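Data block below; observations after.
Numbering (this note's numbering), first residue to last: 25 to 314.
Below you can see the structure in the form of structure tokens.
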């Protein structure tokens, strides 16, 4: 958007021309809405993902205001959590709009692999989808089919949707969506770990993302992230991804970031908006009570 400074005594006929050209005068400034660019999709760079660590965080408050604040922090990607978070599909559009304040790619985690929900989320402008509790090749293939356009999948095609800037960018979006959208399947069970090689080999699957808490519980060691069976499972997932040319991801935590990076995880998420509010408010209270 371009600002043009004009003289305060601008003539009334010039004001009319400004109005007719799609501009707005505020004080001595003319805001030229003709300079606005159309909506741009923020995809995750898959080539960069294979060689670098991309930093993200979870957004589970269901608040577009919180998303707007976080979007401008500098993360590479953001996870809008509709599985365990407080938001709903009715809140999603507002949260995706709030992401436009920064360059982070918005990924949405769903509760299950539901074709209609996946279609709505992708049409709304998500850069990718995270599917929880994927424990088999069949489940991974189903996730890809729901998310990708033919011939790779069965996603319904529409022209006037938010992801295409309501039709203005339909062809570019359609041409790149299958290649650039990120399909993330979560590895959270012993069965998923055992099938990790085959899941990673599924065409269209981009990331195997470990849910460490669920995995530790299902391995019989709740929240014991240093237990040998848990760390061995993590390493196995990473190695399977590397052999298949895919990327491994994980929700990391304080004290484990370096370890997870060294293990080879590339798509990292740390903390959440709700966690930041809790820790921030508790620190304020601690200082006030001293």
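In this text, a Cβ means the ideal position worked out from N, Cα and C, and glycines have one as well. Note that the coordinates shown come from a computational prediction; the quantities given were computed from them, not determined experimentally.
Cβ atoms of residue j and residue i: under 8 angstroms apart, would you say?
| i | j | result |
| --- | --- | --- |
| residue 217 | residue 164 | no |
| residue 67 | residue 270 | no |
| residue 155 | residue 134 | yes |
| residue 137 | residue 223 | no |
| residue 234 | residue 261 | yes |
| residue 187 | residue 65 | yes |
| residue 287 | residue 259 | yes |
| residue 243 | residue 265 | no |
| residue 236 | residue 208 | no |
| residue 74 | residue 290 | yes |
| residue 293 | residue 276 | yes |
| residue 95 | residue 121 | no |
What's the gap between the Cα of residue i and the Cα of residue j?
| i | j | result |
| --- | --- | --- |
| residue 253 | residue 281 | 19 angstroms |
| residue 103 | residue 212 | 17 angstroms |
| residue 70 | residue 148 | 21 angstroms |
| residue 124 | residue 189 | 13 angstroms |
| residue 158 | residue 183 | 31 angstroms |
| residue 310 | residue 285 | 33 angstroms |
| residue 247 | residue 166 | 30 angstroms |
| residue 195 | residue 99 | 28 angstroms |
| residue 200 | residue 126 | 21 angstroms |
Leaving out the 5 sequence neighbours to the left and right, which residues in its chain are closer than 8 angstroms to residue i when beta-carbon positions are compared?
| i | result |
| --- | --- |
| residue 72 | 78 |
| residue 112 | 86 and 106 |
Which same chain residues end up closer than 6 angstroms to residue i when comparing Cβ atoms and leaving out the 5 residues on each side of it in sequence?
| i | result |
| --- | --- |
| residue 343 | Absent from the model: residue 343. The displayed extent of the chain is 25 to 314, so no value can be given. |
| residue 185 | 147 |
| residue 178 | 169 |
Buried or exposed for residue i, please, with buried defined as at least 16 other CB atoms from any protein chain shown within 10 angstroms of its CB.
| i | result |
| --- | --- |
| residue 81 | buried |
| residue 312 | exposed |
| residue 119 | buried |
| residue 146 | buried |
| residue 305 | exposed |
| residue 297 | buried |
| residue 308 | exposed |
| residue 108 | exposed |
Leaving out five residues before and five after residue i in sequence, what residues of the same chain have Cβ atoms less than 7 angstroms from its Cβ?
| i | result |
| --- | --- |
| residue 180 | 143 |
| residue 151 | 65, 66, 67, 68, 129, 130, 131, 205 and 206 |
| residue 110 | 84, 85 and 86 |
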